[in-house]
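Engineer:
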Amino acid sequence: MKLDRIFIFFILLLLGILFYWVCYLGYNQESYRKQQTQTTDPSIVKNILMSEEKHKNLGLQSSPGFLYSQPSLLVGRTDVVSVTPWLAPIVWEGTFDSSLIDSMYKKKNITIATTVFALGKYTRFLKEFLESAEQHYFVGYRVRYYLFTDRPEEVPEIKLGEEHYLTILKVPSMDRWQDISMGRMEILEKLTKSELASEADYIFCLDVDAKFYGPWGVETLGRLVAVIHPWFYGYPRDQFTYERRPESQAFIPAGEGDYYYTAAAFGGTFKEVHELTKYCREQQSIDASKATEAIWHDESHLNKYLLYNKPSKLLSPEYLWRDISMRTSQVKVIRLSHVAKNNEEVRQNA
Ligand code: UDP
Ligand code: MN
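When we follow our numbering, the leftmost residue of the sequence shown carries the number 993, and every step to the right adds one.
What follows is the structure, given as structure tokens:
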């Protein structure tokens, strides 16, 4: 009788342990399942995908099996400097492999916004500018041109390449060419803040009195991209035409300065170009309130900004030459060049 009771006690104990074990397992499986459902929650998946997308946009990936010339540490351009003292590349022909860069950017599905202003008689430059751009400028990539003009009826019909789009935006006319040139900063400041900013990854702001002669591609892309002015690239800094009068906001003291940059071409990400254009617009209006105007207008302020906010990439004068300049041996390819123009004839007030 006593043995029977002990036996039943043990059976009950065993059943208890078994019951506890089954419950414990079940709980664990439940929480495991919960974890699984949590990671497949659509909002989380979306976030992960978005951050992967962002990551993809930051890094450049090359493909296994894609062959290109071996990069050398010993052989390269020696007639020009291709890096700044703050280690930003200066892009010259022969410093990059366009087939390699293209193969990496082609995967990224990028859009390049490009602004151009044509007010007054400057609409005459549009045909050559756009037609030549369509032959050389980001061919094979999505490009959105934003054309600001006071004469939309004078915009020529240009056949645009695949995935190249043109938006015409009407702006009020202005009398002084200096105001037109400086006024670009305020319009660009607004454009880079608008919802259009989400439609593109990079932006370039270009003068319209220019023509493309050679390829301008993804080697030019970067966070903040400045172009060396074709006049002064061999000059000592004290001969640059920086603003030298302390009464202007664009003042740069003697002894300071890196390079002389052109205002006819600059670019980068929307955030960086927004900061730059906002700065120039602000400084221009402080000057105006004191009846001051910087010697080279927007270009003087741009140079001051870029002196203290170092560009992450510089484009050599290949990227903005002048038709009237003599060729030099350093410039092996002319990509974009200012056309010859009669300032007195094209400018409203000259
Ligand atoms: N611009 C314009 N109409 C004018 C004057 C200037 O549309 O009457 C625009 C145009 O985009 C031009 C830019 O402002 O390329 C800069 O002016 P400009 O080319 O005359 O300056 P420069 O390159 O001669 O210093
Ligand atoms: Mn110009």
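Yeah, the Cβ is synthetic: ideal placement off N, Cα and C, and Gly gets one too.
On a CA-only basis, which of Y1129, G1112, S1281, G1057 is nearest Q1241? Give me that one, please.
Structural biologist: Out of Y1129, G1112, S1281, G1057, S1281 has the C-alpha closest to the C-alpha of Q1241.
Engineer: Our contact map puts Y1234 next to L1306 with C-beta atoms below 8 Å; I'd like the distance itself, whole angstroms only.
Structural biologist: About 17 Å separates the two Cβ atoms, so there is no contact after all.
Engineer: Please state whether the Cβ-Cβ distance between Q1340 and G1112 is less than 9 Å.
Structural biologist: Their beta carbons are under 9 Å apart, which means Q1340 touches G1112 by this criterion.
Engineer: Smallest Cα separation from Y1157: which of T1106, Y1311, Y1114, V1163?
Structural biologist: Measuring from the Cα of Y1157, the nearest candidate turns out to be T1106.
Engineer: Mark W1313 as exposed unless 16 or more other C-beta atoms lie within 10 angstroms of its C-beta, in which case mark it buried.
Structural biologist: W1313 should be labelled buried.
Engineer: What do you get for N1334, buried or exposed, if any count of 16 or more other CB atoms within 10 angstroms of its CB means buried?
Structural biologist: Looking at its Cβ environment, which holds fewer than 16 other Cβ atoms inside 10 Å, N1334 is exposed.
Engineer: Between the Cα of Y1137 and the Cα atoms of T1159, S1091, P1303, which residue gives the shortest distance?
Structural biologist: The shortest Cα separation from Y1137 among T1159, S1091, P1303 belongs to T1159.
Engineer: Going by C-alpha to C-alpha distance, which of G1051, A1342, D1142, V1075 sits closest to I1220?
Structural biologist: Of the candidates G1051, A1342, D1142, V1075, the one whose C-alpha sits nearest the C-alpha of I1220 is V1075.
Engineer: Where does the unbroken alpha helix (DSSP H) through G1175 begin, and where does it stop?
Structural biologist: G1175 -> alpha helix (DSSP H) spans 1169 to 1183.
Engineer: Please return the same chain residues whose Cβ sits closer than 7 Å to the Cβ of F1232, not counting the five positions on each side in sequence.
Structural biologist: Around F1232: F1224, G1249, Y1252.
Engineer: Counting only the same chain and skipping the five closest in sequence on each side, list residues whose C-beta sits under 7 Å from that of G1153.
Structural biologist: Same-chain partners within the cutoff: E1126, V1131.
Engineer: Tell me A1105's beta-bridge partners as DSSP assigns them.
Structural biologist: Per DSSP, R1136, I1195.
Engineer: Excluding sequence positions up to five away, which residues of its chain have a Cβ less than 8 Å from the Cβ of V1360?
Structural biologist: Missing from the structure shown is residue 1360; the chain here goes from 993 to 1342 and no further.
Engineer: Under 8 Å from any heavy atom of the ligand UDP, does the C-beta of S1095 make it?
Structural biologist: Flag unset: Cβ of S1095 not near the ligand UDP.
Engineer: Measure the CB-CB distance between F1140 and I1179 and report whether it falls below 9 Å.
Structural biologist: In this structure, I1179 lies closer than 9 Å to F1140 by Cβ.
Engineer: Looking at the secondary structure, which residues open and close the beta strand (DSSP E) in which I1160 lies?
Structural biologist: 1156 to 1162 is the span of the beta strand (DSSP E), which, as asked, contains I1160.
Engineer: Between L1111 and the ligand UDP, is the CB less than 8 Å from at least one heavy atom?
Structural biologist: Yes, the ligand UDP has a heavy atom inside 8 Å of this Cβ.
Engineer: Are the CB atoms of S1061 and D1094 within a distance shorter than 9 Å?
Structural biologist: Result no, Cβ atoms of D1094 and S1061 do not sit closer than 9 Å.
Engineer: Within 10 angstroms of the Cβ of P1164, are there 16 or more other Cβ atoms? Answer buried if so, exposed if not.
Structural biologist: So P1164 counts as exposed.
Engineer: Give the straight-line distance between the Cα atoms of N1301 and G1209, rounded to the nearest whole angstrom.
Structural biologist: The straight-line gap from Cα to Cα measures roughly 24 Å.
Engineer: Could you name the residues of the same chain whose beta carbon sits closer than 8 Å to that of P1148, not counting the 5 residues immediately before and after it, in chain order?
Structural biologist: Here the set comprises L1118, K1119, L1122.
Engineer: Between G1057, T1103, E1336, S1329, which lies nearest to L1198 when the distance is taken from Cα to Cα?
Structural biologist: When only C-alpha atoms are compared, the closest one is S1329.
Engineer: For Y1114 and T1212, what's the separation of their Cα atoms in angstroms?
Structural biologist: Spanning the two alpha carbons is a distance of roughly 26 Å.
Engineer: Can you give the Cα-Cα distance for S1023 and Y1271, rounded to whole angstroms?
Structural biologist: Model confidence at S1023 stands at a pLDDT of 44, short of 50, so the residue's coordinates are unreliable and nothing is read from them.
Engineer: Counting along the chain, where does the beta strand (DSSP E) carrying A1255 start and finish?
Structural biologist: Counting along the chain, the beta strand (DSSP E) containing A1255 begins and ends at 1253 to 1261.
Engineer: Start and end of the alpha helix (DSSP H) containing V1338?
Structural biologist: Start and end: 1335 to 1338.
Engineer: Is Y1252 near the ligand UDP, in the sense that its beta carbon is under 8 Å from a heavy atom of that ligand?
Structural biologist: Y1252: no, Cβ never under 8 Å from the ligand UDP.
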